[in-house]
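One structure is given below, encoded as structure tokens.
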Amino acid sequence: MSSLQSWCQEFMIHWQCRPVRIVLSAACVAILVSLVAATASEAETRDASGLDAPASDGSLETRRGDVTTAVEHGRVADGGASIQAVSLESAPGQLVGAGGIAGRVVSCSGPVAGTRVSIGGRADSATSGPGGAFEVNDLPPGTFDLTFEAQEQQGTIAGIHVVSGQTTDIGEINLTDFRADPNHCGTCGTRCPPGASCAYGRCACPAGLTLCGDTCTGLADLEHCRACQNRCAAWPNTIPRCGAQDCAFPCVAGTADCDGRRINGCETQIDRDVSNCGACGNICAPGLRCVDSRCQ
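Just so we're aligned, residue 90 is where the sequence shown starts under my numbering, counting upward by one.
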């Protein structure tokens with residue numbers, strides 16, 4: 090069976106229980122006539138729900154529920170039937186055409202024109218206009234796959250359902266490569282920090298570095314010491330640095346942390362405190378002073 094024959098047969102099966110009126114092409118009409126004629130030859134072996142006898146006006150008629158399928162024959166020329174009209178009807182004047190698929194091609198920078206979209210297994214195609222919009226029409230009812238090609242990118246949207254007389258809007262097709270674009274990593278506007286790349290929609294730093302917020306770091310600086318966001322604060326009279334395990338707070342020369350409280354830093358002036366001269370708890374003898382961390 091040819092693809093056209095197959096489509097016509099599927100068309101009749103799909104619409105035999107729906108109240109519509111559709112005028113078909115001459116090629117499809119001829120095939121429908123042959124299908125109805127073949128069915129008529131088997132009428133005697135089928136029950137009452139099958140094909141009835143030819144009507145008195147020369148047409149072949151079959152009934153399915155509340156829908157009548159009529160094939161009206163004209164004259165026979167050169168061994169083939171000349172067809173006047175074929176219709177599926179139950180409501181006079183009600184017209185339902187083929188369906189379609191519409192959408193809009195964009196990137197994170199805006200609409201994209203010139204993108205070719207096509208329907209899998211069919212010759213139907215369209216090209217997006219200046220606003221990125223496209224529409225593929227004259228599709229029979231069914232489920233289709235849509236492919237698109239633009240900007241060295243291509244992809245497929247599967248399982249788009251088309252209903253006769255309606256246009257299925259699939260929304261936006263974004264051509265941005267969210268998996269690998271460092272300026273739009275995962276979503277539009279998500280920029281990876283300098284030196285980082287976008288891998289599968291996530292920013293990734295070079296080997297040996299860790300991504301902390303929007304920075305690639307070796308976890309050895311005062312903002313990210315051995316862990317992201319572990320900040321080494323500057324306490325009074327200290328020189329903070331990132332140590333081998335955690336933050337370290339060595340005291341400024343001439344001071345010391347004698348009370349053990351980090352919040353007040355190196356609070357004791359051991360270079361002149363007679364009770365802590367040169368070191369915490371080193372008390373100078375009565376009458377002596379502490380000068381340059383020595384009792385004198």
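For each residue, glycine too, the CB sits at the ideal point set by N, CA and C.
Counting along the chain, no beta strand (DSSP E) covers asparagine 272, and no H or E run does either. Across the structure, alanine 288 and arginine 315 are spaced so that their CA atoms are roughly 24 Å apart. If you look at aspartate 310, you'll find it isn't in any beta strand (DSSP E); DSSP assigns it neither H nor E.
Selection Cys336, Ser382, Ala337 evaluated against threonine 357 yields Ser382 as nearest (Cα-Cα). For glutamate 261, the uninterrupted beta strand (DSSP E) segment begins and ends at 256-263. Within the model, the alpha-carbon separation for aspartate 360 versus alanine 322 is close to 25 Å. Beta-bridge partners of isoleucine 246 (DSSP): Leu235. Shortest Cα-Cα distance from asparagine 319 to any of Asn353, Leu311, Gly231 involves Leu311.
Residue burial is scored here from C-beta neighbours: histidine 273 has at least 16 other C-beta atoms within 10 angstroms and is therefore classed as buried.
Sequence-distant Cβ neighbours of glycine 307 in its own chain, meaning closer than 7 Å and more than five residues away, are Gly297, Leu298. If you look at glutamate 224, you'll find it in the beta strand (DSSP E) that goes 222-228. Gly189 is the residue among Ser364, Gly376, Gly189, Gly367 whose C-alpha sits nearest the C-alpha of threonine 257.
By the neighbour-count criterion, in which a residue is buried when 16 or more other Cβ atoms sit within 10 angstroms of its Cβ, alanine 285 is buried.
In the DSSP assignment, leucine 298 falls outside any beta strand (DSSP E), carrying neither H nor E.
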